[in-house]
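Numbering (my numbering), first residue to last: 248 to 424.
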(Lines of atoms letter the chains of each structure in order from A and count residues from 1; the text may use other names and numbers.)
(Lines give C-alpha, C1' and ligand atoms only; values in the text may rest on other atoms or scores of the structure.)
Protein backbone atom coordinates (compact mmCIF):
# COMPACT_ATOMS: atom_id res chain seq x y z
CA UNK A 1 0.00 0.00 0.00
CA UNK A 2 1.32 3.42 -0.91
CA UNK A 3 2.10 5.89 1.88
CA UNK A 4 -0.56 8.29 0.56
CA UNK A 5 -3.22 5.56 0.52
CA UNK A 6 -2.22 4.39 4.00
CA UNK A 7 -2.52 7.93 5.35
CA UNK A 8 -5.94 8.33 3.71
CA UNK A 9 -7.08 5.00 5.18
CA UNK A 10 -5.90 6.11 8.65
CA UNK A 11 -7.79 9.41 8.35
CA UNK A 12 -10.89 7.51 7.17
CA UNK A 13 -10.58 5.12 10.13
CA UNK A 14 -10.22 8.03 12.57
CA UNK A 15 -13.26 9.74 11.11
CA UNK A 16 -15.22 6.49 11.30
CA UNK A 17 -14.13 5.93 14.91
CA UNK A 18 -15.21 9.42 15.81
CA UNK A 19 -18.63 8.92 14.23
CA UNK A 20 -19.02 5.48 15.83
CA UNK A 21 -18.07 6.88 19.23
CA UNK A 22 -20.62 9.65 18.78
CA UNK A 23 -23.31 7.10 17.87
CA UNK A 24 -22.56 5.14 21.07
CA UNK A 25 -22.64 8.32 23.16
CA UNK A 26 -25.85 9.50 21.47
CA UNK A 27 -27.56 6.18 22.20
CA UNK A 28 -26.55 6.40 25.88
CA UNK A 29 -27.71 10.03 26.04
CA UNK A 30 -31.05 9.23 24.41
CA UNK A 31 -31.70 6.26 26.72
CA UNK A 32 -31.00 8.48 29.75
CA UNK A 33 -32.94 11.59 28.69
CA UNK A 34 -29.86 13.68 27.90
CA UNK A 35 -29.21 15.96 24.95
CA UNK A 36 -25.83 16.16 23.20
CA UNK A 37 -24.56 19.07 25.32
CA UNK A 38 -25.68 17.36 28.52
CA UNK A 39 -23.76 14.27 27.45
CA UNK A 40 -20.59 16.20 26.62
CA UNK A 41 -20.80 17.99 29.97
CA UNK A 42 -21.31 14.72 31.81
CA UNK A 43 -18.26 13.19 30.12
CA UNK A 44 -16.11 16.23 30.95
CA UNK A 45 -17.22 16.15 34.59
CA UNK A 46 -16.57 12.40 34.76
CA UNK A 47 -13.10 12.74 33.22
CA UNK A 48 -12.17 15.50 35.68
CA UNK A 49 -13.45 13.38 38.56
CA UNK A 50 -11.41 10.38 37.40
CA UNK A 51 -8.27 12.56 37.26
CA UNK A 52 -9.09 13.89 40.76
CA UNK A 53 -9.34 17.42 39.39
CA UNK A 54 -11.84 19.98 40.60
CA UNK A 55 -13.88 21.23 37.63
CA UNK A 56 -15.65 24.56 38.00
CA UNK A 57 -18.65 25.79 36.03
CA UNK A 58 -16.41 28.33 34.28
CA UNK A 59 -13.98 25.61 33.20
CA UNK A 60 -16.87 23.46 32.00
CA UNK A 61 -18.24 26.41 30.04
CA UNK A 62 -14.87 26.94 28.34
CA UNK A 63 -14.51 23.25 27.48
CA UNK A 64 -18.05 23.05 26.13
CA UNK A 65 -17.73 26.34 24.25
CA UNK A 66 -21.04 27.54 25.69
CA UNK A 67 -22.09 30.74 27.46
CA UNK A 68 -22.18 30.81 31.24
CA UNK A 69 -25.99 30.91 31.11
CA UNK A 70 -26.21 27.87 28.85
CA UNK A 71 -23.68 26.04 31.04
CA UNK A 72 -25.70 26.83 34.15
CA UNK A 73 -28.79 25.39 32.46
CA UNK A 74 -26.88 22.19 31.64
CA UNK A 75 -25.56 21.92 35.21
CA UNK A 76 -29.05 22.53 36.61
CA UNK A 77 -30.51 19.80 34.37
CA UNK A 78 -27.79 17.26 35.24
CA UNK A 79 -28.14 18.03 38.93
CA UNK A 80 -31.94 17.84 38.85
CA UNK A 81 -31.91 14.34 37.29
CA UNK A 82 -29.28 13.12 39.75
CA UNK A 83 -26.18 12.77 37.56
CA UNK A 84 -24.00 15.41 39.24
CA UNK A 85 -23.82 17.62 42.31
CA UNK A 86 -22.23 20.97 43.08
CA UNK A 87 -19.74 21.27 45.93
CA UNK A 88 -18.77 24.60 47.50
CA UNK A 89 -15.17 25.12 48.59
CA UNK A 90 -14.69 25.53 52.33
CA UNK A 91 -11.93 28.10 51.73
CA UNK A 92 -13.90 30.17 49.21
CA UNK A 93 -17.68 29.66 49.28
CA UNK A 94 -17.94 31.35 45.86
CA UNK A 95 -15.94 28.55 44.23
CA UNK A 96 -18.22 25.71 43.19
CA UNK A 97 -16.92 22.46 41.74
CA UNK A 98 -18.88 19.83 39.84
CA UNK A 99 -18.89 16.15 40.72
CA UNK A 100 -20.24 12.92 39.27
CA UNK A 101 -22.93 11.11 41.27
CA UNK A 102 -22.77 7.35 41.92
CA UNK A 103 -26.02 6.93 39.93
CA UNK A 104 -24.36 8.37 36.81
CA UNK A 105 -21.32 6.14 37.35
CA UNK A 106 -23.59 3.07 37.65
CA UNK A 107 -25.52 3.96 34.49
CA UNK A 108 -22.32 4.64 32.55
CA UNK A 109 -20.70 1.44 33.85
CA UNK A 110 -23.70 -0.68 32.88
CA UNK A 111 -23.85 0.84 29.40
CA UNK A 112 -20.18 1.29 28.55
CA UNK A 113 -18.77 -1.69 30.50
CA UNK A 114 -19.41 -4.21 27.68
CA UNK A 115 -17.79 -1.83 25.19
CA UNK A 116 -14.77 -1.60 27.51
CA UNK A 117 -14.50 -5.38 27.48
CA UNK A 118 -14.62 -5.41 23.67
CA UNK A 119 -11.91 -2.73 23.38
CA UNK A 120 -9.76 -4.59 25.93
CA UNK A 121 -10.10 -7.67 23.74
CA UNK A 122 -8.87 -5.71 20.71
CA UNK A 123 -5.98 -4.12 22.63
CA UNK A 124 -4.84 -7.52 23.91
CA UNK A 125 -3.81 -8.32 20.31
CA UNK A 126 -1.06 -5.67 20.46
CA UNK A 127 2.23 -5.56 22.33
CA UNK A 128 2.91 -2.89 24.94
CA UNK A 129 5.30 -1.20 22.51
CA UNK A 130 2.63 -1.12 19.80
CA UNK A 131 0.05 0.23 22.25
CA UNK A 132 2.45 2.99 23.33
CA UNK A 133 2.95 3.92 19.66
CA UNK A 134 -0.82 3.96 19.10
CA UNK A 135 -1.31 6.09 22.23
CA UNK A 136 1.35 8.58 21.11
CA UNK A 137 -0.25 8.80 17.67
CA UNK A 138 -3.73 9.37 19.10
CA UNK A 139 -2.51 12.00 21.56
CA UNK A 140 -0.73 13.82 18.72
CA UNK A 141 -3.86 13.72 16.58
CA UNK A 142 -5.86 15.21 19.48
CA UNK A 143 -3.26 17.96 19.82
CA UNK A 144 -3.69 18.66 16.09
CA UNK A 145 -7.44 18.98 16.62
CA UNK A 146 -6.81 21.43 19.49
CA UNK A 147 -4.42 23.50 17.35
CA UNK A 148 -6.96 23.56 14.52
CA UNK A 149 -9.82 24.64 16.79
CA UNK A 150 -7.68 27.33 18.43
CA UNK A 151 -6.59 28.68 15.05
CA UNK A 152 -10.18 28.72 13.77
CA UNK A 153 -11.35 30.60 16.85
CA UNK A 154 -8.54 33.10 16.33
CA UNK A 155 -9.61 33.58 12.70
CA UNK A 156 -6.61 31.85 11.13
CA UNK A 157 -5.53 28.46 9.88
CA UNK A 158 -3.75 25.88 12.02
CA UNK A 159 -0.04 25.65 11.39
CA UNK A 160 1.67 22.26 11.81
CA UNK A 161 3.84 21.78 14.91
CA UNK A 162 6.97 21.96 12.73
CA UNK A 163 6.02 25.56 11.82
CA UNK A 164 5.62 24.84 8.11
CA UNK A 165 2.50 26.48 6.74
CA UNK A 166 0.45 24.84 3.99
CA UNK A 167 1.45 26.07 0.55
CA UNK A 168 0.46 29.69 -0.06
CA UNK A 169 -0.16 30.46 3.61
CA UNK A 170 1.96 32.63 5.88
CA UNK A 171 3.66 30.44 8.55
CA UNK A 172 2.72 32.63 11.54
CA UNK A 173 -0.73 33.90 10.64
CA UNK A 174 -1.94 30.95 8.57
CA UNK A 175 -3.44 33.42 6.10
CA UNK A 176 -2.81 33.81 2.37
CA UNK A 177 0.15 35.93 1.42
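Each residue gets a CB set at the ideal place from its N, CA and C atoms; glycine is no exception.
Remember, predicted model here, so these are calculated numbers, not experimental data.
- Where residue 333 is concerned, the enclosing beta strand (DSSP E) starts and stops at 331-335.
- Residue 343 is bridged by DSSP to 335.
- Comparing alpha carbon positions, the residue from 351, 256, 396 closest to residue 309 is 396.
- According to DSSP, residue pairing for residue 302 in a beta bridge involves 345.
- Between residue 376 and residue 390, the alpha-carbon positions lie close to 21 Å from each other.
- Cβ atoms of residue 319 and residue 304 come within 8 Å of each other, at about 7 Å.
- In the structure shown, residue 371 falls within a coil segment according to DSSP collapsed to helix, strand and coil.
- Between residue 331 and residue 307, the CB-CB gap reaches or exceeds 8 Å.
- In this structure, residue 327 sits away from residue 345, with a CB-CB distance that is not shorter than 8 Å.
- Nearest C-alpha to residue 276 among 251, 359, 323: 359.
- For residue 319, the three-state secondary structure derived from DSSP is helix.
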